[in-house]
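**Q** Structure incoming, see below.
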Amino acid sequence: MMKWLGMSRVKSDTLIPDMWKEQLKQKMHDAFMDYVQSYPQLLQLLEKRAGSVERFWRTIDDYLERLAQDEEGLDGTDRESYLLKIGKRQAEMELPMEFHAFFYQKLFSLSFELARQHRYIVMNEQEASWLERLHTSIHREEGTILSAYYEHQRVQLATFLLEALLPIFLSDVRLTTVAQDVHSMIDEAKGLRLASQEIEHAANDVSQNVLRVAERMENVTAQALESEQTIDKALSQFVEAQSSFERVQKGVSSITQEMYAIGELVRTIEELTAQTKLLSLNASIEAARAGEEGRGFAVVASEIKKLADRTTDSLQHIKKSVGAFGKLVEDTDRETQQFAWFMTEGAHQSELAKEGLRGIVSNIKGSQDDVEMIAAAAEEQTAATTDLIERFTMYTEKLEAVQNTFRLFARDIWEGLKAIDARRVELVENTTLVLADRLRFAILDHLVFRFRVDLTVLGVMDEDPERLGDADHCRLGKLIDRYQDVFTSLPCYHTLQDSHARIHQLGQGIVQGIVLNRQKVASQKRPSRLRVQDTALSATHERRLQDRATPAEQFAELDEVTKTFLSTIEACIAQLHSSGAHL
1 MMKWLGMSRV
11 KSDTLIPDMW
21 KEQLKQKMHD
31 AFMDYVQSYP
41 QLLQLLEKRA
51 GSVERFWRTI
61 DDYLERLAQD
71 EEGLDGTDRE
81 SYLLKIGKRQ
91 AEMELPMEFH
101 AFFYQKLFSL
111 SFELARQHRY
121 IVMNEQEASW
131 LERLHTSIHR
141 EEGTILSAYY
151 EHQRVQLATF
161 LLEALLPIFL
171 SDVRLTTVAQ
181 DVHSMIDEAK
191 GLRLASQEIE
201 HAANDVSQNV
211 LRVAERMENV
221 TAQALESEQT
231 IDKALSQFVE
241 AQSSFERVQK
251 GVSSITQEMY
261 AIGELVRTIE
271 ELTAQTKLLS
281 LNASIEAARA
291 GEEGRGFAVV
301 ASEIKKLADR
311 TTDSLQHIKK
321 SVGAFGKLVE
331 DTDRETQQFA
341 WFMTEGAHQS
351 ELAKEGLRGI
361 VSNIKGSQDD
371 VEMIAAAAEE
381 QTAATTDLIE
391 RFTMYTEKLE
401 AVQNTFRLFA
411 RDIWEGLKAI
421 DARRVELVEN
431 TTLVLADRLR
441 FAILDHLVFR
451 FRVDLTVLGV
461 MDEDPERLGD
471 ADHCRLGKLI
481 DRYQDVFTSL
491 PCYHTLQDSH
501 ARIHQLGQGI
511 VQGIVLNRQK
521 VASQKRPSRL
531 RVQDTALSAT
541 HERRLQDRAT
551 PAEQFAELDE
561 VTKTFLSTIE
571 ACIAQLHSSG
581 AHL
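Here the sequence shown is numbered in the UniProt record's numbering, starting from 1 and rising by one per residue.
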């Protein structure tokens, strides 16, 4: 049993509707050829696209077959899906809008004309009713199909905006990298300027110290010259004293020789005294032997003996005195020889000291020349460092101007992109989209999210971490929650969930760190009497900042997670296509 658009039923073996359908197709073909004659570029467009003409006729066949299908059991979703399919197929043919208007108008008018022609032939009531209602059905569905077509066109426009915006937002990484490089260059330039200022101060200190050293070296040189003159005088006095002492040494040596002669004389006298004593003894013996006649001789012998004894005593005393004096002379001679050696050595050391002092004076003069050269070089370095500081200052100012221009440029880009993306969102807001298309638009949503984070880091905008939103409340999070059964069946589901949640966590964390850092800087700028009130708050900020990774680490992780997220979205789209889930 067949049902014609909800009208009365006809027998299944009737061929009249098929005949009328063929007549309609033929009339549409004739009308189409007439239309092409008026618009030759339309035929060129169809011929350029392989199979487009055949697709056009298949579209007509599908539509007319739809009118002849049994619609029992079809709900509104299936009908809407069919109309959306027809509208998409026509949109994919890229035909001008006026042609689609021509298509429906012609189909409506030709069906009406065909029905009117058959009024004059024999037909039963059901056949007449079908023809009368056919053009009414076409007219009614014309608006629905065109609505589907316009909806597809909106999706196409939104997709075009998506394709146009994706490279721009993907280049945001390069844009942000350049901005960060400029910021790093500014920091480096400021650091170099501070280092140059420190070098300048150090060079000034060196220059002052060198001047003081030069002055001291001049004083040392003058003192060294005076010392050299003093040593010359001392050396002359040493030479004179050495000459005088040599004469003394010679006199002592003469006395020593005389003492030796006296000693020899004393020994000679001792020998004579001993002989005298022996003669006295012999005389006494002979006097005793002579008796009375020798008494006078004995007296003489006794006196001689006494004289010899006194002589011996005197000689002993002389010998003792001569010995003591000789020892004193020997000691004096030894001391004079040692002192003479010291005088000679002193003169030699004085000569060496004089030569060394001359070398010191020469070195001091050479060092003084070096110090003067160092002082001149320090002055030149100070001048060069001052010029370098001025250049670094100018370089920093230019970089800061570039940074400000870059921020304004980024802000202008953001305003334009935000308006375009808002139009993109508006186009697809109430549009029937397949799940794969929704995932594609989710890519752009999160690139916009990333762009907002980067602009906050660059200081272009002040973003609230809470306003950025978390993974559960963004469009993708709601989409995953709505189609939980479909997503959980995909192999990419867990990676998608993890990377999606991590993007939001990192973005909010980076912005939160910026907010805390700005609050810390603002707190440090407050008057000291008010800082006491901020102690607890500052400590809290410090703990929070210490608990976070560095901005560079967070950005690096965000870049990696973003890459994973984008590749996972593409994998999910491919898996949806392969699974046939076109929700």
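A virtual CB, placed ideally from N, CA and C, is assigned to each residue, including glycine.
Distance check for Thr405 and Asp472, CA to CA, integer angstroms please.
**A** Going by the C-alpha atoms only, they are around 37 Å apart.
**Q** Locate the alpha helix (DSSP H) running through Ala471, then write down its first and last residues.
**A** First-last for Ala471: undefined, no H or E at that position.
**Q** So, Ala495 versus Thr562, is the Cβ gap smaller than 7 Å?
**A** The displayed chain sequence assigns Thr, not Ala, to residue 495. No; because the gap between Cβ atoms is not below 7 Å, this pair is not in contact.
**Q** Using the three-state DSSP reduction, which class does Asp309 fall into: helix, strand or coil?
**A** Note: Asp309 maps to helix in three-state DSSP.
**Q** Give me the Cα-Cα distance between Glu264 and Ser243, rounded to the nearest whole angstrom.
**A** Each residue's Cα considered, the two are about 32 Å apart.
**Q** Could you please give the first and the last residue of the uninterrupted alpha helix (DSSP H) stretch that includes Asp454?
**A** Run containing Asp454: 435–457, per the alpha helix (DSSP H) assignment.
**Q** Who are the Cβ neighbours of Ala436 in its own chain at under 6 Å, not counting the five residues just before and after it?
**A** Once the five neighbours on either side are set aside, the close Cβ partners of Ala436 are Ile573, Leu576.
**Q** Over the uninterrupted alpha helix (DSSP H) stretch that includes Asp464, give me the two end residues.
**A** That residue, Asp464, is in no alpha helix (DSSP H); it is neither H nor E in DSSP.
**Q** Mapping DSSP to helix, strand and coil, what is Leu566?
**A** In this structure, Leu566 counts as helix in the three-state DSSP scheme.
**Q** Round the Cβ separation of Ser284 and Ala261 to the nearest angstrom and send it over; I've been treating them as touching at under 8 Å.
**A** Not confirmed; about 34 Å, so no contact.
**Q** Measuring straight from C-alpha to C-alpha, what distance separates Arg411 and Met373?
**A** Approximately 55 Å between the Cα atoms of the pair.
**Q** Would you mind stating whether Thr311 and Thr273 have Cβ atoms separated by less than 7 Å?
**A** Cβ atoms of Thr311 and Thr273: closer than 7 Å.
**Q** Are at least three pairs of beta-carbons, each pair with one atom in the segment 452–459 and one in the segment 475–492, less than 8 Å apart?
**A** The segment 452–459, when compared against the segment 475–492, does not touch it at the 8 Å Cβ threshold.
**Q** So Leu315 packs on Val266, CB below 8 Å; how close in whole Å?
**A** About 6 Å; that satisfies the 8 Å criterion.
**Q** Let me confirm a value: Glu113 is counted as buried when at least 16 other C-beta atoms fall within 10 Å, else exposed. Which label applies?
**A** With fewer than 16 other Cβ atoms within 10 Å, it is exposed.
**Q** Please report the distance separating the alpha-carbon of Lys277 from that of Glu240.
**A** In a straight line, the C-alpha of Lys277 is about 55 Å away from that of Glu240.
**Q** Which of the three DSSP states is assigned to Tyr260 in this structure?
**A** Note: Tyr260 maps to helix in three-state DSSP.
**Q** Report yes if the C-beta distance between Leu476 and Gly507 is below 7 Å; otherwise report no.
**A** No, the Cβ-Cβ distance between Leu476 and Gly507 is not below 7 Å.
**Q** Tell me the residue span of the alpha helix (DSSP H) that contains Val486.
**A** Segment 484–488, the alpha helix (DSSP H) holding Val486.
**Q** Using three-state DSSP, classify Gln26 as helix, strand or coil.
**A** The answer is helix: DSSP assigns Gln26 an H, G or I state.
**Q** Taking 6 Å as the cut-off, is the beta-carbon of Ser254 closer than that to any non-hydrogen atom of the ligand NAP?
**A** As far as ligands go, the structure on display features none, and thus does not contain the ligand NAP.
**Q** Using DSSP with H/G/I as helix, E/B as strand and the rest coil, what is Leu537?
**A** In this predicted model, Leu537 has a pLDDT of only 49, less than 50, meaning its place in the structure is not dependable; the value taken from the coordinates is given anyway. Three-state result, Leu537: helix.
**Q** Check Val329 in the structure and name its three-state DSSP category.
**A** In this structure, Val329 counts as helix in the three-state DSSP scheme.
**Q** What is the DSSP secondary structure of Ala574, reduced to helix, strand or coil?
**A** Correct three-state label for Ala574: helix.
**Q** Look at His504 and Asp454 and say whether their C-beta atoms are less than 7 Å apart.
**A** Result no, Cβ atoms of His504 and Asp454 do not sit closer than 7 Å.
**Q** Could you tell me how far apart the beta carbons of Gln287 and Ala301 are, in whole angstroms, since I believe they sit closer than 8 Å?
**A** Going by the sequence as given, residue 287 is Ala instead of Gln. Ala287 to Ala301, Cβ: 6 Å. Contact.
**Q** Between the beta-carbon of Leu479 and the beta-carbon of Arg438, is there less than 7 Å?
**A** In this structure, Arg438 lies closer than 7 Å to Leu479 by Cβ.
**Q** Taking the alpha-carbon positions, what's the Thr230 to Ser362 distance?
**A** Each residue's alpha carbon lies about 17 Å from the other.
**Q** Decide if Met28 is buried, meaning its Cβ has at least 16 other Cβ atoms within 10 Å, or exposed.
**A** Buried, by the Cβ-count rule.
**Q** Tell me the rounded alpha-carbon separation between Met259 and Val322.
**A** Met259 and Val322: Cα-Cα distance of roughly 7 Å.
**Q** Exposed or buried, which one is Thr268 when buried takes at least 16 other CB atoms within 10 Å?
**A** Exposed: under 16 other Cβ atoms inside 10 Å.
**Q** When the Cα atoms are used, what is the spatial distance from Arg407 to Asp462?
**A** Using only the alpha carbons, I get a separation of about 13 Å.
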